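Numbering (the working numbering), first residue to last: 3 to 237.
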């Protein structure tokens, strides 16, 4: 990764995350097919909903014949973290048109957000539409194609979990976190480690008391506040 904010640079920067999309996209396609959805429905869900983990929630709730309002509310809760991410990114695109802002926000994912935050360490704290939109589109197309392939493969694979594709996304985020820790010079390394440790502990104990659909959002808010207090009080 370097400081270039071009389409070609975005293509190179996004390539490492593509493998994570492929792994989890294949898993979703296989799970969707195993739950009774056709490859067409699986693909349409990835095109229209494009919500990663929320799509697994939709499939599981469809299988149990949950009410449509319950499905909509659950998906909203799972994806409510995107409100925080979009708010964080908004200042970098305030000079872009409304349409471009809508495109960036509509295709934003956890992975492209993390990638963008890491890019700031190389681009003198700047982001632009060509770079971010390219990263988003590559991720979007990879997810759609992977879901379709997974749905087709679902005819031949009855137990996808034994192949471990669900770990692909975890491994990708570990890699992105590592890059963020070693490259972000604006925040002291010790402070970053303290906040990461705080998040891990909060999630571990939070899972006991808080529904997982709300946990990420709450831990994000609490961890951000904790980080700000620690920075101004001790760093």
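Heads up, the beta-carbon is just placed ideally off N, CA and C, and yes, glycines get one too.
Source: prediction; values computed, not measured.
Nearest candidate by alpha-carbon position, reference residue i, set the options
| i | options | result |
| --- | --- | --- |
| residue 155 | 193, 21 and 35 | 35 |
| residue 208 | 225, 134, 6 and 196 | 225 |
| residue 119 | 24, 153, 139 and 179 | 179 |
| residue 138 | 15, 99 and 93 | 15 |
| residue 27 | 55, 38, 11 and 10 | 55 |
| residue 39 | 197, 149 and 176 | 149 |
| residue 230 | 86, 70, 197 and 13 | 197 |
For residue j and residue i, believed in contact at Cβ under 8 Å, the rounded distance
| i | j | result |
| --- | --- | --- |
| residue 222 | residue 113 | Actually they are not in contact, since the Cβ atoms of residue 222 and residue 113 sit about 16 Å apart, beyond 8 Å. |
| residue 59 | residue 33 | So it is not a contact: roughly 11 Å between Cβ atoms. |
| residue 24 | residue 144 | 6 Å |
Rounded C-alpha distance that separates residue i from residue j
| i | j | result |
| --- | --- | --- |
| residue 133 | residue 102 | 12 Å |
| residue 5 | residue 189 | 19 Å |
| residue 82 | residue 158 | 35 Å |
| residue 123 | residue 57 | 32 Å |
| residue 237 | residue 201 | 19 Å |
| residue 121 | residue 9 | 14 Å |
| residue 194 | residue 176 | 14 Å |
| residue 96 | residue 49 | 27 Å |
| residue 31 | residue 74 | 20 Å |
Endpoints, the alpha helix (DSSP H) within which residue i is located
| i | result |
| --- | --- |
| residue 74 | 70-81 |
| residue 19 | 9-36 |
| residue 142 | 131-155 |
| residue 64 | 55-65 |
| residue 200 | 191-211 |
| residue 45 | 41-50 |
| residue 98 | Element bounds for residue 98: n/a, residue is neither H nor E. |
Counted within 10 angstroms of its Cβ, other Cβ atoms place residue i as buried (16 or more) or exposed
| i | result |
| --- | --- |
| residue 2 | This structure cannot settle anything about residue 2, because the visible part of the chain is limited to 3 through 237. |
| residue 91 | buried |
| residue 80 | buried |
| residue 218 | buried |
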